[in-house]
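Numbering (this note's numbering), first residue to last: 33 to 366. Reading through the structure tokens given below for one structure.
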């Protein structure tokens, strides 16, 4: 028998063995193996395969209700490094919206910045605690954890909360300037929030379009995105940046810090402060369901994505931020 014929027979034998192995394990069909053997790149799933909370990112641009562009920013930016929560700082507290209360066990937050943020934290206790930020920023920044949904758990929206928590591959904190003029310093202990943790109950007035993919950051959606293979899933939180000049917080945690309009102008009697943008990037397999932790009755919906901060940045660092933004420079600190 010729060498080429023998090689073909060996190839057939290998494929047959792989097929029998897969059948014995109850895993897929030989077509999956053929794709790997032939070097085919796995294709991303259809949004319909993952559930009603998912949207193919390619369809976002044509959907005006889902495509949200934040107000234009000034030319300046200040970026600093607070890690990505490699230390696993997580709990159910919320020092902005519900200080002193433990929170619900199935609504866990990820943190960067101040390492002491917990149920009993106060601005005074936080002000002297260590931080993960390399520039000495003691502020606390937090958001609901992202979990992959275990196989057989009913898909996205299932009330189970035992999925594996996904540590972000990267967390980027950036302050942006105002396109209409200079910003004023953000006051110490200013609290901010974006999104709505109970959007299913409250309706659709306050959800933030936070979701997108690394190759399409200009496309924002309130749905979980189905990204191209090789892309990272992104959550981008653009906080409001027009301060009323008086209050550090308000009963709604919103009235004191408003969003600029689509031209970048602040509402009457408010002042532009540095606009915080938090970008969380996740490396997820191409075919996987995922969802954020949410309160009961919110169905783990992407509409309920949200984030908070409590500003405890030292005044010396705040001065650097304002000078950078108002000069239109691009600054990196730490």
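For every residue, glycine included, the Cβ atom is placed at its ideal position computed from N, Cα and C.
Reference residue i, options the options, closest by Cα
i: residue 144; options: 127, 273, 203; result: 203
i: residue 300; options: 311, 287, 235; result: 287
i: residue 217; options: 236, 346, 292; result: 346
i: residue 153; options: 322, 131, 332; result: 131
i: residue 78; options: 314, 258, 348; result: 258
i: residue 119; options: 316, 138, 142, 251; result: 142
i: residue 339; options: 363, 362, 223, 293; result: 223
i: residue 249; options: 334, 121, 312, 341; result: 312
i: residue 278; options: 305, 337, 92; result: 305
i: residue 241; options: 309, 146, 361; result: 309
i: residue 92; options: 172, 251, 197; result: 251
i: residue 236; options: 155, 336, 328; result: 336
i: residue 161; options: 155, 148, 168, 172; result: 148
i: residue 164; options: 100, 138, 205, 137; result: 205
i: residue 90; options: 283, 247, 362, 361; result: 247
i: residue 303; options: 268, 332, 211; result: 211
i: residue 88; options: 319, 351, 158, 332; result: 319
i: residue 293; options: 101, 332, 133; result: 101
i: residue 219; options: 351, 86, 82; result: 351
i: residue 159; options: 215, 197, 221; result: 221
i: residue 228; options: 361, 182, 324, 86; result: 324
i: residue 239; options: 263, 182, 268; result: 268
i: residue 332; options: 133, 127, 138, 80; result: 138
i: residue 181; options: 362, 213, 82, 283; result: 82
i: residue 215; options: 366, 298, 283; result: 298
CB contact flag (residue i, residue j, <8 Å)
i: residue 289; j: residue 170; result: no
i: residue 330; j: residue 226; result: no
i: residue 105; j: residue 209; result: yes
i: residue 176; j: residue 326; result: yes
i: residue 25; j: residue 245; result: An answer regarding residue 25 cannot be provided, because it is not within the stretch 33 to 366 covered by the chain.
i: residue 166; j: residue 322; result: no
i: residue 291; j: residue 317; result: no
i: residue 359; j: residue 115; result: no
i: residue 103; j: residue 296; result: yes
i: residue 364; j: residue 111; result: yes
i: residue 140; j: residue 122; result: yes
i: residue 334; j: residue 254; result: yes
i: residue 172; j: residue 342; result: yes
i: residue 349; j: residue 135; result: no
i: residue 199; j: residue 146; result: no
Opposing strand residues paired with residue i [DSSP bridges]
i: residue 82; result: Residue 82 is not bridged to any residue.
i: residue 339; result: 226
i: residue 365; result: 112
i: residue 274; result: 290, 304
i: residue 266; result: 244, 313
i: residue 258; result: 88
i: residue 176; result: 141
i: residue 253; result: 243
Whole-Å CB distance - residue i paired with residue j, under 8 Å assumed
i: residue 243; j: residue 256; result: 6 Å
i: residue 207; j: residue 353; result: 5 Å
i: residue 307; j: residue 281; result: Contact doesn't hold; Cβ gap of about 18 Å is too wide.
i: residue 129; j: residue 150; result: About 15 Å separates the two Cβ atoms, so there is no contact after all.
i: residue 201; j: residue 315; result: 5 Å
Review point. Along the chain, which unbroken stretches of the alpha helix (DSSP H) at least 4 residues long are found entirely within the stretch 297-335?
Key: none
Exercise for review: With a floor of 4 residues, list each alpha helix (DSSP H) that falls wholly inside the stretch 87-167, ordered by position along the chain.
Suggested key: 155-158
Exercise for review: Could I get the ranges of all uninterrupted alpha helix (DSSP H) runs contained in the stretch 182-245, with 4 residues as the minimum, in chain order?
Suggested key: 231-234
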